[in-house]
Structures are given as structure tokens and as C-alpha cells.
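> Below you'll find the structure I mean.
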Ligand SMILES: Cc1cc2nc3c(=O)[nH]c(=O)nc-3n(C[C@H](O)[C@H](O)[C@H](O)COP(=O)(O)O)c2cc1C
Ligand code: SF4
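Numbering (our numbering), first residue to last: 4 to 398.
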């Protein structure tokens with residue numbers, strides 16, 4: 004099933020392998036993809052991937068990530084460069100979906116040079132500066148920003164957009180009672196919490212012909228937050244609002260290595276790339292790093308490490324009729340075929356395996372049985388300072 008041509012949201016795909024959204028850290032100062040990023044996507048496309056979802060692109064100035072060189076799509080001036088990207092991918096018969104996002108609380112006002120905003124001013128452990136709770140008018144402004152981003156995406160030739168509704172970003176915070184403590188018509192009941200996403204989907208449908216996908220954290224490990232029962236209800240509502248496909252993920256940036264799991268914390272990378280450790284004096288690092296490595300095996304990591312969203316995807320799939328994509332620790336062709344043949348998901352998506360092997364889809368079709376990525380998560384830390392890269396074999 005994996006390598007059989009099919010369609011998703013009316014788009015032809017040559018197989019069921021999707022590159023899940025991956026921030027590449029290769030946009031220019033305006034947020035447009037630079038030539039290196041276009042070449043990176045063309046390499047994925049040339050190597051028989053079914054479909055590419057781009058890294059997240061910010062829809063608003065106050066929704067930008069603190070990671071350097073994030074893509075942005077709040078200005079018409081970037082459309083030309085995005086068009087180069089879609090042309091390069093389409094040359095190889097591969098569709099490309101733009102992931103659009105607002106970082107909400109998961110940024111810092113200092114990094115973006117603006118007051119950061121969120122549904123409610125809940126403290127974020129990694130980004131402790133206070134977010135401003137959005138006013139009614141500002142929420143409508145953000146809905147317009149998402150819709151305008153999709154209009155630009157259509158002009159640039161994208162085959163669809165994916166809303167980033169997971170991992171603790173703004174839309175996830177609206178959906179989740181943990182991040183959304185509002186008492187007005189945007190908070191409280193499930194209907195109110197879904198309102199912003201439903202209005203975005205409807206707005207995009209009115210203004211473009213693009214399919215609208217969403218990525219969700221079906222479980223977010225936050226007290227009173229998203230769980231599979233509430234996620235099923237969210238998915239049913241979003242399907243009714245016009246959503247065309249759901250990608251099932253989990254976790255938030257705040258809960259560490261849950262979204263992308265690994266056996267151990269990548270301590271060398273934490274000390275090299277994550278603040279405040281990255282700015283520690285060298286001498287202090289010489290003492291602190293070995294100490295951290297010593298206690299590392301005692302730090303409890305989320306389990307299982309492989310196929311960790313499959314069961315939630317299967318539950319969601321039973322409750323909706325739109326395609327379900329599953330991501331998270333999927334490495335083996337045998338697992339992919341099993342997920343598909345047992346009807347637990349319609350498509351398989353991967354992130355880290357494609358950082359490690361951009362030609363993975365072709366290799367898997369030619370007989371390689373699993374991805375080489377060792378799930379060390381060094382790539383997840385590198386992005387805090389530099390463009391995304393794999394450190395396979397160097398750790
Ligand atoms: C370097 C890196 C960048 C990522 N960027 C994004 C992103 O822009 N948008 C998103 O939804 N998820 C992002 N993720 C999460 C992945 O898409 C994926 O959900 C997660 O890594 C689990 O899949 P995997 O086990 O196949 O890596 C990123 C992960 C990594 C490691
Ligand atoms: S650094 Fe490379 S091997 Fe390690 S998780 Fe990232 S892609 Fe996989």
C-alpha cells in the first residue's frame with residue numbers, strides 16, 4: 004500500500020509518505036525561502052517523496068518564532084520566492100503544502116521585538132516573559148492573518164495549507180483548556196475553544212480553493228489539557244467546518260522530548276545550543292556537562308519511542324471521514340505497511356528521518372527496510388541557533 008499512487012484532498016501523490024513540517028532555518032530576513040532551502044526541497048521531491056509539508060511559516064509579525072530564520076508569509080513581497088520553491092518541487096511531480104502558524108506564547112517579546120500574545124497569559128517555562136491576552140478585535144485580526152497567508156500561499160502555487168494546531172503554538176493554546184482560560188466566547192466550552200480554528204478554515208475556504216489541513220497534538224500532557232477524548236470532538240467539529248485532513252502528533256515545546264522522542268536528553272547539544280546553558284562560561288560548562296551526562300539516564304523520558312501517535316490516530320480515524328496522517332517515531336517499512344493495512348491512518352509522515360536522509364523515500368522503495376535516524380534529537384536543539392542539520396554519526 005505504501006508505494007501505491009493515490010490522492011489526498013484531490014491531490015495526486017505517488018506514495019503515502021509525507022515529509023512532516025520541519026523548520027529548516029533557511030529563510031531570508033523577510034521570511035522568504037532562500038536558494039538553499041529551495042534546493043533542499045527540490046532534493047526531497049527528486050527522491051520520490053509523496054508530499055512535502057514545509058516548515059512553519061509565521062502568519063503575523065507577533066507570531067514569529069525565536070529560532071533564527073523562520074519562514075514568514077505576512078507580506079506580499081515574499082510571494083515570488085515562494086513561487087520559486089513550489090515550481091522547483093512541482094518539476095518532480097510532487098505536491099507541497101505550506102504550514103502556517105502563529106507561535107503565541109512560544110516565543111519571546113525580546114526576540115520578536117513586539118509584545119507576544121496568547122489566548123491567556125499562562126506562564127511558559129521556556130519563554131517566561133508574560134504574554135498579553137488577546138482582545139476580541141485582535142483575535143479577528145489573527146484570523147485575517149491566517150486567511151491572508153493562505154491567499155498568498157495560493158498565489159505562490161502551493162497545493163494546500165496546513166494549520167499548525169499542535170505543539171503548544173497559538174491555535175493549540177486556543178483549543179486546549181490549559182492554554183485557554185478565557186471566560187468570553189473564545190474560551191470555556193469546546194465550541195468556544197474551537198471557534199478561532201473553525202473561522203480560519205471557513206475564511207480560507209471562502210477566499211481560496213486550497214485544501215486546509217491541520218496538525219494537532221492529540222494529547223498534550225498538560226493538566227486539564229488536550230486528551231484523546233476531547234481531541235476526537237475537536238476533529239469532528241473541524242471536519243464539519245471544512246478541514247480536509249488531520250495530522251496526528253502530540254506534546255508541546257514545554258514538555259521537552261515528547262513530540263520528538265529520544266532515549267536520552269541530547270546534553271551536548273543542550274549545552275551548545277540552548278540558553279542559558281549555551282552562554283555559560285566555558286569553565287562552568289566543563290563541570291556542568293559531565294554532571295548533566297551523569298544524571299541524564301535518570302531523567303524519565305516519554306515512552307514508547309517508536310510509532311507513538313499511531314493509537315491516537317486510529318481512534319481519530321474511526322471518528323472522521325477525512326484522511327488521517329500520523330507522525331512520530333515511524334521508521335520501519337514494516338510498521339508503515341501495518342499502520343496502513345490495519346486502517347490506523349491513511350498516510351505516514353516523518354520529520355527527523357528526512358533530515359538524516361533526504362532521499363529516504365526512494366531508498367525505502369528500493370528495499371532499505373528502515374530509516375537511519377537514531378532519534379538522538381541533536382537536530383531539535385541545533386535549530387535554536389543554526390539551520391537544521393543532522394548530526395548522525397557525530398554524536
Ligand atoms: C528540527 C525539527 C524541526 C521541526 N519543525 C516543525 C515545524 O516547523 N512544524 C511542525 O509542526 N513540527 C515540527 N517539528 C516536529 C516534527 O514535524 C514531528 O512532529 C516530530 O519530529 C515527530 O516526528 P519524527 O519522529 O518523524 O521526527 C520539528 C521537529 C524537528 C526535529
Ligand atoms: S540529529 Fe540526525 S540522527 Fe539525530 S535525531 Fe536528528 S536526524 Fe535523527
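Even for Gly, the Cβ is constructed at its ideal location relative to N, Cα and C.
Nothing here was measured: the structure is a model prediction, and the numbers come from that model.
Taking 7 Å as the cut-off, is the C-beta of residue 260 nearer than that to any heavy atom in ligand 2?
To locate residue 260, count along the chain shown from 1; it is residue 257. Answer for residue 260: no, Cβ out of range of ligand 2.
> Where are the beta strand (DSSP E) runs, 3 residues long or more, that stay fully inside the region 179-258, in chain order?
215-220, 248-252, all fully within the region 179-258.
> Decide yes or no for the touch test of the region 307-320 against the region 333-341: beta carbon pairs closer than 8 Å, at least 3 of them.
yes
> Spatial neighbours of residue 240 within its chain, please: C-beta separation below 8 Å, excluding the five flanking residues on both sides.
The residue labelled residue 240 in the question sits at position 237 within the chain shown. Correct list, in chain order: 193, 194, 197, 201.
> Do residue 59 and residue 99 have their CB atoms nearer than 8 Å?
Numbered from 1 along the chain shown, position 56 holds the residue referred to as residue 59. Numbered from 1 along the chain shown, position 96 holds the residue referred to as residue 99. Result no, Cβ atoms of residue 59 and residue 99 do not sit closer than 8 Å.
> So, helix, strand or coil for residue 260, using DSSP?
Counting from one through the chain shown, the residue named residue 260 turns up at place 257. Per DSSP, reduced to three states, the secondary structure at residue 260 is coil, with no helix or strand assignment.
> Would you say the beta carbon of residue 394 comes nearer than 7 Å to a heavy atom of ligand 2?
On the chain shown, residue 394 is found 391 positions in, with the first residue counted as 1. Flag set: Cβ of residue 394 near ligand 2.
> Just confirm the distance between the C-beta atoms of residue 374 and residue 315, as a whole number of angstroms; I'd bet it's less than 8 Å.
Walking along the chain shown from the start, residue 374 turns up at place 371. Walking along the chain shown from the start, residue 315 turns up at place 312. Between residue 315 and residue 374 the Cβ distance is about 21 Å, and since that is not below 8 Å, they are no contact.
> Please determine whether the Cβ atom of residue 58 lies at a distance below 7 Å from any heavy atom of ligand 3.
Absence of ligand 3 from the depicted structure is noted, with ligand 1 and ligand 2 being the only ligands included.
> Since residue 6 contacts residue 368 with CB under 8 Å, what's their CB separation in whole angstroms?
The residue given as residue 6 occupies position 3 in the chain shown. The residue given as residue 368 occupies position 365 in the chain shown. Indeed, because the Cβ distance is near 5 Å, the residues count as touching under 8 Å.
> Figure out for me which residue from 361, 25, 249 has the closest Cα to the Cα of residue 72.
In the chain shown, the residue the question calls residue 72 occupies position 69. Closest option to residue 72, Cα to Cα, is 25.
> Would you say residue 2 and residue 244 are within 8 Å of each other, going by their C-beta atoms?
This structure does not reach residue 2, given that the chain is present from 4 up to 398, and the question cannot be answered.
> I'd like the list of long-range same chain contacts for residue 288, defined as Cβ closer than 7 Å, with 5 residues on each side in sequence excluded.
Counting from one through the chain shown, the residue named residue 288 turns up at place 285. Once the five neighbours on either side are set aside, the close Cβ partners of residue 288 are 274.
> So residue 102 and residue 256 are supposed to be a Cβ contact under 8 Å. How far apart are they, rounded?
Along the chain shown, one-based indexing puts residue 102 at 99. Along the chain shown, one-based indexing puts residue 256 at 253. Going by Cβ atoms, the distance from residue 102 to residue 256 rounds to 15 Å, so no, they are not a contact pair.
> Taking only runs that begin and end inside the region 259-305, name each unbroken beta strand (DSSP E) of 3 or more residues, in chain order.
DSSP runs (the beta strand (DSSP E)) wholly in the region 259-305: none.
> Starting from residue 155, trace the alpha helix (DSSP H) both ways and give me its first and last residue.
On the chain shown, position 152 is the one that residue 155 refers to. DSSP places residue 155 inside the alpha helix (DSSP H), whose first and last residues are 139-158.
> What are the residues that DSSP puts in a beta bridge with residue 356?
Residue numbering aside, residue 356 sits at position 353 when the chain shown is read from its first letter. Note: residue 356 sits in no beta bridge, so no partner.
> When you compare only the Cα positions, how much space is there between residue 42 and residue 376?
Translated into the one-based positions of the chain shown, residue 42 becomes position 39. Translated into the one-based positions of the chain shown, residue 376 becomes position 373. About 21 Å.
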